[in-house]
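Beneath this line is the structure, given in structure tokens, with notes to follow.
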Amino acid sequence: PAEIWWYAVPAGIFYAAAYFFTFVAFGCGPFAISVLIISYSLVFSTGYGLIALNEPATWLTYMGLLGVMLSLFLVRGDKSDGKFSLKWLISIIIVWAGNGLISVLTIMQMIKFDNAYNNDFMVVLLAVAVVFMLAIGLIKEGKDAKYIFRYGVPWGAAAGVLNGIHNAISMI
825 PAEIWWYAVP AGIFYAAAYF FTFVAFGCGP FAISVLIISY SLVFSTGYGL IALNEPATWL
885 TYMGLLGVML SLFLVRGDKS DGKFSLKWLI SIIIVWAGNG LISVLTIMQM IKFDNAYNND
945 FMVVLLAVAV VFMLAIGLIK EGKDAKYIFR YGVPWGAAAG VLNGIHNAIS MI
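So the sequence shown is numbered by the numbering used here: it starts at 825 and just counts up by one.
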């Protein structure tokens with residue numbers, strides 16, 4: 825139904841932004857810390873469940889959240905791993921928030937439609953992300969875009985198809 829677009833389009837935009845800024849963050853900051861912070865986006869869905877859905881929190885919930893907070897201080901990036909910069913900080917916040925908001929929108933959509941239309945939601949989400957990534961690629965690459973489309977798109981399409989097959993097999 826058309827109502828899934830209210831959830832899928834923003835999720836697709838967040839997906840495209842998170843995907844793009846992941847590479848920006850990896851290119852200008854510490855890789856180990858970046859990966860760790862990106863994984864913290866799960867706190868969005870946990871927080872949404874606790875606050876908006878009034879889900880009960882157990883001691884395991886609190887221990888998990890404490891572990892997430894402590895892990896950032898326990899993991900130290902290698903000195904050659906990259907330096908912290910404003911560009912890195914902005915990029916990693918966009919990735920973290922984008923991934924977290926995708927989780928929240930997915931939960932909201934699943935509740936709204938009683939777990940129906942999940943495939944439709946993902947198709948719209950990924951189509952929106954492809955359109956945005958295509959636009960970013962054309963803007964960023966300019967005159968080199970023709971070469972990239974000629975040689976890069978077939979490999980990217982093959983990777984996407986194989987990923988889809990993998991996901992379908994995983995669900996069986």
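The C-beta atom is built at its ideal place from N, Cα and C for all residues, glycine as well.
Supposed close pair residue i, residue j - CB separation, criterion 8 Å
i    : j    : result
F945 : Y831 : 6 Å
G961 : I972 : 7 Å
I828 : Q933 : 6 Å
I918 : A982 : With a Cβ gap of about 28 Å, I918 and A982 do not count as contacting.
F924 : V867 : Just to set this straight, residue 924 is Gly in the shown sequence, not Phe. Right, their Cβ atoms sit about 7 Å apart.
V952 : V859 : Not quite, the Cβ-Cβ distance comes to about 25 Å (not below 8 Å), so this is no contact.
V928 : S994 : The pair is not a contact, with the Cβ atoms about 23 Å apart (cut-off 8 Å).
As assigned by DSSP and simplified to three states, the class of residue i
i    : result
P978 : helix
L877 : coil
G853 : coil
P834 : helix
Y971 : helix
N939 : coil
Y872 : helix
S858 : helix
Y839 : helix
S863 : helix
Distance CB(residue i)-CB(residue j) smaller than 8 Å
i    : j    : result
S909 : V848 : no
Y864 : V892 : yes
L958 : Y839 : no
W912 : G853 : yes
I861 : T846 : no
I931 : A835 : no
Any non-hydrogen atom of the ligand MG within 7 Å of residue i CB
i    : result
E879 : Looking for the ligand MG in the displayed structure turns up nothing, as the structure carries no ligands at all.
Boundaries of the alpha helix (DSSP H) in which residue i is found, first to last residue
i    : result
D944 : N942 to E965
N923 : L910 to K936
V892 : W883 to L898
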